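Data block below; observations after.
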Amino acid sequence: MNDAPKRRLRLSWGGATDQGHVRASNQDAMYADWGLFVVADGMGGHQGGEVAANLAVRTLTKAKPETLNELHEAVHDANKVVHETAVAEPELHGMGTTLTVLALTQQDEGRRFAVINVGDSRVYHYRDNQLIQLTDDHSYVGELMRRGELTQEAAAVHPYRNMLTRAIGVHAEVEVDEWLLDPVAGDRFLLCSDGLTNEIDDDEITEQLSISHDPSTTARELVRLANERGGRDNSTVLVVNVQIDDIDSEDDEDLTEPQDSDKSQVVSLEDESNPEIIDSTDALELPSKRSSSHPKKQRSWLNDRVGISLGAVIISLVLLIAAGAMVATIGWYARDGYHVGVVADQVVIQKGRVGGLLWFDPTLEQWTEIQVAQLNNQDLRRLTSGKQLADLAEAQAFVADLRTRLVDPTSEALGDN
Ligand code: MG
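The sequence shown begins at 16 in the working numbering and counts up one residue at a time.
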């Protein structure tokens with residue numbers, strides 16, 4: 016007999032995602048259902064990022080992992096699927112994605128939350144107005160900050176702040192970080208892509224979590240703020256609230272705590288809190304542009320809707336064309352040339368200005384076989400200082416030069432001892 020009060024775990028959640036103001040598409044993906052919450056942020060030219068993020072999320076969620084082992088297996092399967100697709104399809108070569116998961120898993124000691132992370136999307140834990148970042152960012156600047164070699168302020172403007180050192184699908188195998196936490200009443204979790212954290216700092220996230228207890232409201236407001244601050248990337252936010260109620264001992268259908276080996280008491284938990292899952296397509300309800308379904312008279316339609324004269328329209332058009340030309344010129348300049356950098360611990364050739372220019376980020380042009388660990392300190396510094404190169408041939412010559420000075424990382428490590 017067990018007279019301990021029985022408890023029911025309730026989860027409620029809400030999410031929001033938006034393309035932002037700069038990116039041509041939304042390459043973030045998210046998933047939320049009872050006990051499984053996922054955010055992925057894809058990378059790779061053409062449609063690669065979108066494909067990688069969605070493939071990873073789909074592979075993981077189809078597996079319906081219930082234990083930590085199953086969750087691990089599902090993440091490694093996701094890595095395999097994305098990697099094999101990238102290898103098989105030339106236009107998807109080099110694609111990858113972050114993958115951040117909060118899952119309610121069944122452990123020997125009962126139900127526990129598992130947090131899994133690869134990449135620089137994040138899981139935060141919020142309790143008593145305190146926000147803690149549970150996950151480590153697998154990014155170049157993240158690694159430097161953990162080693163104490165870079166401040167947060169310097170990281171925010173570092174030319175390689177977007178470089179990942181770990182991602183799903185880039186290599187055949189992937190290393191995965193994990194954490195286990197007990198469910199505690201009142202806890203809140205926040206999963207997000209870097210589109211949020213590059214625009215909004217931890218204090219502001221804390222503030223938004225303290226302003227509203229409703230997960231959906233918090234998620235929408237944070238995505239709206241990320242857009243207001245520039246919206247330079249896709250941003251995705253998923254908020255999960257944890258509630259634990261004592262329930263009548265007779266009401267044993269919703270027990271969350273497994274009791275001994277009585278299988279009938281190890282219940283399938285049903286969410287009763289009207290979860291809101293916001294589809295990525297309607298994440299932010301921006302005012303829709305009312306299209307002119309009845310533009311019978313072109314001139315009066317313009318006048319009626321906008322209330323301006325034809326002259327003003329022409330001036331606006333001229334200004335618009337001039338602005339367009341200016342953007343095109345900046346774009347041409349930003350995309351001109353090449354440099355050699357680091358992605359996922361690998362030396363790569365990138366097209367465009369070091370660190371990007373305004374909203375134009377450099378794009379990955381070629382992977383090399385060189386690992387960061389094979390570079391000597393001087394060459395690593397040359398890479399991080401970001402030398403701009405005129406064309407692809409010059410970038411390839413730069414890489415060939417690096418090859419002449421590679422060090423054996425294992426012998427260096429042994430040398431330290
Ligand atoms: Mg991103």
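Yeah, the Cβ is synthetic: ideal placement off N, Cα and C, and Gly gets one too.
These numbers were taken from a predicted model, which means no experiment stands behind them.
For glycine 59, the distance from the CB to the nearest heavy atom of ligand 1 is not below 6 Å.
Beta-bridge analysis with DSSP links glutamine 167 to no other residue. At a Cβ-Cβ threshold of 7 Å, valine 252 and alanine 31 count as neighbours. In terms of Cα proximity to asparagine 256, the closest of Leu205, Ala78 and Ala388 is Leu205.
Taking a cut-off of 8 Å on C-beta distances, the stretch 177–195 does not touch the stretch 34–42, as fewer than three cross pairs fall below it. The bridge partners DSSP lists for glycine 111 are Met58. For glycine 210, the shortest C-beta to heavy atom distance toward ligand 1 is below 6 Å. Here arginine 127 is bridged, per DSSP, to Thr120.
In the three-state DSSP reduction, threonine 251 falls in the strand class (E or B). Glutamine 34 sits in coil when the DSSP states are folded into three classes, being neither helix nor strand. The beta-bridge partner set that DSSP reports for serine 154 consists of Leu179. DSSP lists Val138 and Leu253 as the bridge partner or partners of leucine 206. The continuous beta strand (DSSP E) containing lysine 366 extends over residues 361–366. Counting C-beta atoms within 10 angstroms of its own C-beta, leucine 195 has fewer than 16 neighbours from the protein chains shown and is therefore classed as exposed. Here serine 331 is exposed. Its C-beta has fewer than 16 other C-beta atoms within 10 Å.
DSSP places leucine 237 within a helical segment (H, G or I) once states are collapsed to three. Beta-carbon to beta-carbon, valine 199 and glycine 111 are separated by about 34 Å, too far to satisfy the 8 Å threshold. Note: tyrosine 46 is bridge-paired with Val53 in the DSSP secondary-structure output. Beta-bridge annotation (DSSP): valine 358 is paired with Gln361. Counting only residues of its own chain and dropping the five nearest sequence neighbours on each side, methionine 58 has a CB closer than 6 Å to the CB of Gly64 and Gly111. Secondary structure note for aspartate 192: its beta strand (DSSP E) is the uninterrupted segment 192–196. CA-to-CA, the gap between aspartate 202 and leucine 146 works out to about 10 Å. About 16 Å separates the Cβ atoms of glycine 339 and arginine 350, ruling out a contact at the 8 Å cut-off. The shortest CA-to-CA distance from valine 422 to any of Pro80, Thr100, Gln393 and Ala67 is the one to Gln393.
Taking the Cβ atoms as the reference, leucine 404 lies roughly 6 Å from glycine 352, within the contact range of under 8 Å. DSSP places glutamine 411 outside any beta strand (DSSP E); the residue lies instead in the alpha helix (DSSP H), whose first and last residues are 407–418.
Just measuring C-alpha positions, the residue of Val97, Leu83 and His61 sitting nearest threonine 74 is Val97.
According to DSSP, residue pairing for glutamine 148 in a beta bridge involves Tyr139. With a cutoff of 7 Å on beta-carbon distance, aspartate 135 and threonine 166 are scored as not near each other. Rounded to whole angstroms, valine 138 and glutamine 386 show a C-alpha spacing of 28 Å.
Looking at the DSSP output, tryptophan 28 bridges to Val255.
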